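Protein chains in written order, with my numbering: chain C, 1 to 315; chain X, 316 to 644; chain B, 645 to 1168.
Note that CB positions come from ideal geometry on N, CA and C, so glycine has one too.
Being a predicted model, the structure only gives us computed values, none of them experimental.
The next block holds one structure in the form of structure tokens; read it before the comments.
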Amino acid sequence: MAVDQAPTRPSLSQRLAAAWDSDICWSFRHSPLAIVSAALLLLVAFTSSFAEVLMPQNPFDMMQLFLDKANLPPVWLEGGSWPYILGTDMQGRDVLSAIVYGSRISLLIGAASVLLSMSVGVLIGLLSGYLGGIVDNLLMRLGDAVMSIPTLLVAILVSAIFRGLLPPEFRDAFAPLILVLALTLTSWVVYARMVRAVTMVEAGKEYVLAARIIKVPRRRIILRHILPNVLAVALVTATLNLGLAILAEATLSFLGVGMPSAQPSLGTLIRIGNQYFFSGTWWIVLFPALQLTLIILAVNLLGDWLRDALNPKLK
Amino acid sequence: MLLLILKRLGNAVIVLLAVALLAFTIFKFLGDPVQLMLNPQATQEERDMLTERLGLNDPVPLQFAKFVFNAVQGEFGMSYRNQLPVMQVIAERFPATLELVLVSTIAALLIGLPLGVFAAIKGGTVLARIAHLVSMIGVSVPAFVIGIVLILVFSIELKVLPAFGRGEVVDLGYWTTGFLTASGRAALVMPAISLALFQISFIMRLVTSEMLEVLRIDFIRFARARGLKARAIYFRHALRNCLMPVVTITGMLFGDLIAFTLVTEIVFQWPGMGFLFVQSVQYVDIPVMAAYLMIVCCIFILINLIVDLIYVVVDPRVDQLVRGGSNGR
Amino acid sequence: MVGWKIAAVLAIGAAVTTPAFAETLRWAPQRDIVSMDPYSFGDTFTLSVLNHVYEGLVRYDETLQIEPALAESWEVVSPTKWRFKLRQGVKYHDGAEFTADDVLASLKRVSDPTSPLRGNLPAYVSSEKIDDYTVDINVTENYPLLLNDLTNIHIFDGGWLTTNNAEAPTDVAKGVEGYATSHANGTGPFKFISRQPDVQTVFEVNPEWWDERQHNIDKIVMTPITSSATRVAALISGEIDFTNQAPLQDLPRLEATAGLKVLSNSELRTIFFVLNQRDKAFESDVTDKNPLQDIKVRQALYHAIDADSIQKVVMSGLSRTTGSLVSPAIPGYVPELDERLAYDPELAKSLLAEAGYPNGFSFSFLCRNTEFVNEEQICQAVAAMWSRIGLRPNLNLGPTTIQDAKFDAGQFDVGTLGWANEPMLDSYSILVQVVHSKTGNAGVFNWGGWSDAQIDANIDEAGRTVDRATRLDLQAKALLRANELSMFIPVHQQPMAWATGAKVVSVLQLNDNKARHWLTRMAE
């Protein structure tokens, strides 16, 4: 876990770190929801990382799709057949493989956008909080502007603009990147505001003043002294936002402005499957929807737990 | 005070200009209006004429100024797809969206508030944990999944609620409402639920955490020490103290919902602005996209402004962190 | 608050509402019509809906033969002149009398150089008024298909056009805003009442219609429902009475639902792939030439398609697999056309190798996602089949208007096209508009620059031949030649599937896939 990077005052470092560490462990051991969530996410991460080895089919490879294997029900129903455990869709795509590959896309886009927006947000927050003045004002007004447009709208527009600018042959290949950028553009502000607030508090503390007096360079103060202190806040926010990012990606794909149907994410699978919802082939839409919900729920539960565990005030 | 209001207004104008720039960028980069508006058989002469008429030969800053000038007057041109004035198309759709958002918000408050108080009071008990878990599920299930499931259960299997549209609407001149007919009200139920679920959970969680904070504050402990009844403490003192953030968040979520309805509108074929927007994105109907963006942002900014001002009036210690956390979706 | 309530109550009486009395037909197509202006866009579905409001001089009867409508009779005066006697006593919905002036104004509007529909009346030269109920139409010499063309040239009210400044076609380029885009005044069985694009269009019965009323509908409420799942849900829960686009995959479920009826058949429309024949490929890793110009490559593409699987799986067994560009119901069809090149991926691979592409090549594959029945799925399935012989298609999906603009600009290598030969119902339609090289009025849909001198000659001659048998012979020759060259790759005649709810007693379905609700009966 990222816990060993958790912030403590450098002066007390070792002892306190150990205490925090065990605290979290204790809290984790006594939170069944957190354990189940973590296990579920590990399972999803594992299966999607080794999808090529574990799955019977690569659903993105058109050469592996056969129409005579289309619309098979799950194996436990009449007409189902191995290795298509959860059945196949109308293109002969194995639903389980599609879910596992789709989860990989959903998780990767979610994680990448969260990491990127966290990095951008932390950087801007640090600069803004430490430097203050006109830089602060400018950056925060920019944040206000971004926050004034509903996130979903920005994401749709940004992906539409990028798709419009890219020649069609690159459009599918760059679709995940476009989504990451679109989601990042809308979500860095939360980190920036939070980090800025913490930075302002930290920057006023004695140890920073002391460092300044002995002429430690600014960059060093920010990186060595303030950054570790804001990371905990940023990480908790990141976990809580990961669920939102995955949800946002799924929503865009469901609306048809996200991942293309040739390399479907979970949202795309649900969009396609939705057309077949009433025709008896319910497995095409049900399983991806279930997987998506479970992933988001697990991430949210884990984030919730992490926030409480790192926030001793609420105990 | 006045200075603060002016400052906020100034900020709002700057932000709106930034949004206008984004909308204008869509115009410039998303497609060639000449190509999109003309018949394929059009001659070069016709193309040049249209380019001139649309002012596309002007310097870009002048074009932007014209765009802003027209936008202020509510003039966004003609929809490429419908060949109707954009404002007319959007105005026809606006009541549907607003009514849906309004109903969802009220439902979210009516359900979310009591549940939140309940979870805070019963903190630690099994019931409170279940409530907490349910609220987690509420923020985790995608709105479109809820919508699909609702249609399956209530329209297909039970046949009690309509699967699409607004039902019968009554035309009040500038407004069409679904509140006045039975079918209009029935049609609202499922979209409102699928839209409100996130809000309900969000408000519930907010109330719970605010309540827990407030309950730790000294005056509550003091009230307890004075022997006040638990119910009086919870509802008369504690809840009142955490209502303000709830109002703030509700106001902001309201603005967010106006944009977020587009998912619900797609699933339920709800004839609102969001549905219009998604279609205009698919058909690259740029004037509609730009107008929708401007209008939604205006509403959004206006609500934020009002909430901000109320906040300033009621509680001078404006808490930036609360604001920062509100738009995380 | 009280005042608001009173206003609301008053408004209920006056305003447009949608009361659900017994003879309201609630119709849910998949997409909305493009406009209320019948000259705005040559879209078959739009024209078929507008046909409830507007009528032509002639129309197709229940066996798709031509019968009189607004014209009572006609004669060929000379090889270039037709004389039409107009029906007397016909009134427009606003009460105006139908006369020769209306026909002249309409023909002028539809043949205007900026009219998007002028391709539907290719041989038109001019028209003259002889008296109030007689009109002469001048056409190019010996043009055989004028009546077929006129079935879908809806006749406006000339006076109404003048009053509302809509005499010229709607033209955004000149800033001509179309009154006719959102208003209508025809002679047809139904009156246009109101319209909110993409949401709802309402028609009411025209009690003054000149023809005998066979339907018992008082009102048609048309509500497009894009999502096929929602459309099915609305049918099953009884919220709509009719859809002309029932999703194929849901037909068994609909048939099994009590009270619902499904009408399906194969349509006139043939779906085929068009292949860009310009000297350079549009988007390929072969940059110096166009592989598709090689007949071996075209045959390889053809041999790689497993049409039977598409028929069985993608089209739920309802399409008619074909090797012909025109349906058997279309004059000009001959059975030899229906022979497909066999499905043989190995042969396809060796043909590619012979043509010099043993490792295949990449190309852009342009498809729409909502236009033809299951088009997206067809394209995905075919893209997979082409991948298996080593080709690398880049599938590009999008809405019709966007993709058609790309087709029109030649920005594709391979793409789909569907042709129903509407409204001509003759293979001359596809030959002159699609197969013919782009010259003058011909080849409007020749998107990829395909051309063959012999085919062009056959078509041109057919356009000057009055004798039907000779003409059809020429047309069959042209079609056979196109087959020989593998100019296009036919897939199937697509199925049409309608579904009706419990309240609908009978609906007439012809294989032109057009709803004719002036013949629909509902339960009383």
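Amino acids of chain B, ordered along the chain, whose beta-carbon sits closer than 7 Å to that of residue i
i      : result
L65/C  : A1028
G480/X : T867
I601/X : The contacting residues do not exist; I601/X stays about 12 Å from chain B at best.
Contact set for residue i: own chain, Cβ-Cβ below 8 Å, skip 5 residues either direction
i      : result
V941/B : P935, L995, L996, A999 and Y1001
R839/B : M680, S826, T845 and V846
Chain-ordered chain X contacts of residue i [CB-CB under 8 Å]
i      : result
G822/B : Q398
Close beta carbons around residue i, own chain, < 7 Å, minus the five adjacent residues each side
i       : result
D676/B  : P841, D842 and P868
L1163/B : Q858, H859 and L1152
R307/C  : V236 and L240
Chain-ordered neighbours of residue i on chain X, where CB pairs are closer than 7 Å
i      : result
N274/C : I463
S156/C : One detail in the question is off: residue 156/C reads as Ile in this sequence, not Ser. Result: V596.
Nearest-angstrom Cα separation, counted from residue j out to residue i
i       : j       : result
S872/B  : D89/C   : 17 Å
E927/B  : F1056/B : 7 Å
P673/B  : I272/C  : 20 Å
T8/C    : I213/C  : Here the model assigns T8/C a pLDDT of 49, short of 50, so the residue's position is not dependable, and the following value carries that caveat. Straight-line Cα distance between these residues: approximately 22 Å.
G143/C  : P150/C  : 13 Å
K1050/B : V198/C  : 53 Å
L636/X  : P560/X  : With a pLDDT of 36 at L636/X, under the threshold of 50, the predicted position of this residue should be treated as unreliable, though the coordinate-derived value follows. When rounded, the distance between both Cα atoms is 11 Å.
F665/B  : I864/B  : Note on F665/B: pLDDT 47, under 50, position unreliable in the model; the coordinate value appears next. Those two C-alpha atoms are separated by around 11 Å.
I221/C  : E202/C  : 11 Å
A155/C  : V135/C  : 26 Å
T1114/B : S1081/B : 22 Å
V95/C   : E1020/B : 19 Å
T420/X  : S516/X  : 12 Å
L791/B  : F847/B  : 28 Å
A39/C   : W305/C  : 14 Å
K313/C  : L530/X  : Residue placement at K313/C is poorly supported in this model, since its pLDDT is 47, which falls under 50; the coordinates are not used for a value here.
E78/C   : G258/C  : 35 Å
Beta-carbon gap between residue i and residue j smaller than 8 Å
i       : j       : result
V1026/B : N786/B  : no
L157/C  : L139/C  : no
I270/C  : L301/C  : no
L72/C   : S81/C   : yes
F1009/B : P1043/B : no
G967/B  : R984/B  : yes
F278/C  : A1143/B : no
V958/B  : N1018/B : yes
L428/X  : I564/X  : no
6 Å CB neighbourhood of residue i in its chain, flanking five on each side removed
i      : result
V418/X : L503 and A507
Y736/B : D801, N829 and T831
L495/X : V485
M200/C : G129
I176/C : The identity of residue 176/C in the sequence shown is Pro, whereas the question assumes Ile. Answer for P176/C: I109, listed in chain order.
Residues that residue i contacts on chain C, provided the C-beta gap is smaller than 8 Å
i      : result
V334/X : A145, S148 and I149
Under 8 Å by beta carbon: chain B residues contacting residue i
i     : result
N71/C : V957
Cross-chain neighbours of residue i in chain B, by beta carbon under 9 Å
i      : result
I329/X : Under the 9 Å cutoff, chain B gives no residues; its nearest Cβ is about 34 Å from I329/X.
Proximal chain X residues relative to residue i, where beta-carbon distance stays under 9 Å
i      : result
V257/C : V593, V596 and Q597
T636/B : As shown, chain B starts at 645 and ends at 1168. That puts residue 636/B outside it, with no answer to give.
Open item on the list: Give me the subset of the segment 74-93 of chain C whose CB atoms are less than 9 Å from a CB atom of chain B, sorted by chain position.
Closed with: M90, Q91 and G92
Open item on the list: Against chain C, which members of the segment 956-970 of chain B pass a CB distance test of less than 8 Å?
Closed with: K956, V957 and V958
Open item on the list: If the cut-off is 8 Å on Cβ atoms, which residues from the segment 551-575 of chain X count as contacting chain C, listed in chain order?
Closed with: G570, D571, I573, A574 and F575
TODO: Quick one: which residues of the segment 831-856 of chain B get their C-beta closer than 8 Å to a C-beta of chain C? List them in chain order.
DONE: none
Open item on the list: Along the segment 1008-1035 of chain B, where does the CB come closer than 8 Å to a CB of chain C? Name the residues.
Closed with: S1008, E1020, Q1021, Q1024, A1025, A1027, A1028, S1031 and R1032
Open item on the list: Short of 7 Å Cβ to Cβ, which residues in the segment 289-309 of chain C face chain X?
Closed with: A289, L292, T293, I296, L297, N300, L301 and D304
Task: Contacting positions in the segment 415-445 of chain X - beta carbon closer than 7 Å to chain B - done: none
Open item on the list: Any C-beta of chain C within less than 8 Å: which residues of the segment 868-889 of chain B qualify?
Closed with: S871, S872, A873, V876, A877 and I880
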